[in-house]
Amino acid sequence: MPMTASKKIALLTTGGTIAMTDSGGGAKVSVSGGSLGDLIDGAVALEVTEVFAKPSPNMTLADMAVLAATAQAKLATVDGVVISHGTDTLEETAWCLELLLRTDTPVVLTGAMRAFGAEGADGATNLRAACRVAASSGARGLGVLAVLADDIHAAMLVRKVRTSGVDAFSSQPYGPLGSVVEDRVNLLLSPTRRPPQLRWGGRRCRTPIVYVYSGMEADELARYADGDIDALVLNLPGGGHMPAEAVDMLEALARRVPVVFAARTPGGETLSRTYGYAGGEMDLIDRGLIPSASLDALKARIATALLVSDGADRDRVAAFFAGFRGE
Ligand code: ASP
Numbered sequence: 005m006p007m008t009a010s011k012k013i014a015l016l017t018t019g020g021t022i023a024m025t026d027s028g029g030g031a032k033v034s035v036s037g038g039s040l041g042d043l044i045d046g047a048v049a050l051e052v053t054e055v056f057a058k059p060s061p062n063m064t065l066a067d068m069a070v071l072a073a074t075a076q077a078k079l080a081t082v083d084g085v086v087i088s089h090g091t092d093t094l095e096e097t098a099w100c101l102e103l104l105l106r107t108d109t110p111v112v113l114t115g116a117m118r119a120f121g122a123e124g125a126d127g128a129t130n131l132r133a134a135c136r137v138a139a140s141s142g143a144r145g146l147g148v149l150a151v152l153a154d155d156i157h158a159a160m161l162v163r164k165v166r167t168s169g170v171d172a173f174s175s176q177p178y179g180p181l182g183s184v185v186e187d188r189v190n191l192l193l194s195p196t197r198r199p200p201q202l203r204w205g206g207r208r209c210r211t212p213i214v215y216v217y218s219g220m221e222a223d224e225l226a227r228y229a230d231g232d233i234d235a236l237v238l239n240l241p242g243g244g245h246m247p248a249e250a251v252d253m254l255e256a257l258a259r260r261v262p263v264v265f266a267a268r269t270p271g272g273e274t275l276s277r278t279y280g281y282a283g284g285e286m287d288l289i290d291r292g293l294i295p296s297a298s299l300d301a302l303k304a305r306i307a308t309a310l311l312v313s314d315g316a317d318r319d320r321v322a323a324f325f326a327g328f329r330g331e
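Residue numbers (this note's numbering): 5 to 331.
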């Protein structure tokens, strides 16, 4: 669908490479929201709000809640919301917004792999494609989307898979919902369901991710088990498997705070009834650990931290993740 200036889009800018220039010493955020808006060149009626000006590794959960509230406040008066964001953590913010916002109005994240004004810069193309998607009726009701390199990804699936190159995002092992071709938004798939809506409750929710590897010793985990944390996400080999030496410690920790485990294999789900050895997923579940099902560790961490920020106990966290197992 061609864009028309009669469509009203709220552009929320947050920083990232799309807003960076390199005047020697490496790229830094320096481009105003207004200059990013100029890249759209009148193709839609744009209302620009600079929410942050950060490299995206600095985005906190509280920042994401501010972004969600800012988007929410715009939703009633626009056809769509576009959010420009650093690509490094774009998938975390997209998923957090998917959990916090409940709207049929398109909310579309985009960014750039090449800095503003750099050779082959992709920011303008991505922004224009994101506006096209945000203005399209086909994108209504699909949840939060990410549009990069002409692909339209669902927030639940998207992840960054390359550190350079403009084609850096994937929805493996499934695929994007569609793409932007010429001036058309061509959506071929839609998610079968939306996740339950969560709230940012503002309570402390320190939730580290521990990436577990072969032969990891229990002592290496002790700083977390004894530490000042509110929840833990383990990123585990295979379908959710832990060296046996650490399982007693994890069982004790799971009595104190929610301990969630995810599959570290990209695109992999946790299992629940396949491996019964000490440290296998059946053993971990028996010991009170919570499988994240189809959510990867980054997405599991965002959801767990939001739940804990809102005062959720272990059972509420477990009930949330059970919804991602299928029937
Ligand atoms: N490399 C990043 C980007 O593409 C920097 C960031 O995430 O802010 O935007």
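Just so you know, even glycine gets a beta-carbon here, dropped at the ideal spot from N, CA and C. In this text the structure is predicted, and so the values were computed from the model without any measurement.
- Distance between VAL263 and ASP287, taken at the CA atoms: about 14 Å.
- Per DSSP, the beta-bridge partners of GLY84 are ILE13.
- Of the heavy atoms belonging to the ligand ASP, at least one sits nearer than 7 Å to the Cβ of THR91.
- Around the beta carbon of THR196, a 10 Å sphere encloses fewer than 16 other beta carbons of the protein chains shown; the residue is thus reported as exposed.
- The closest CA to that of MET160, considering only VAL35, ARG318, ILE44 and ILE306, is found on ILE306.
- According to DSSP, residue pairing for LEU240 in a beta bridge involves ALA267.
- Taking all protein chains shown into account, THR64 has fewer than 16 neighbouring C-beta atoms within 10 Å of its C-beta and is therefore exposed.
- Checking the 7 Å criterion, the Cβ of PRO247 is out of range of every heavy atom belonging to the ligand ASP.
- Judged by DSSP in its simplified three-state form, MET24 adopts strand.
- In this structure, the straight-line span from the alpha carbon of TYR228 to that of LEU293 is close to 15 Å.
- The beta strand (DSSP E) runs of length 3 or more contained entirely in the segment 171 to 250 are, from start to end of the chain, 182 to 185, 188 to 191, 213 to 215 and 236 to 240.
- At a Cβ-Cβ threshold of 8 Å, VAL237 and ALA301 count as neighbours.
- With distances taken between CA atoms, THR269 lies nearest to LEU240 out of THR53, PRO180, LEU149 and LEU240.
- With respect to the C-alpha of GLY271, the residue from GLY242, GLY280 and VAL112 having the closest C-alpha is GLY242.
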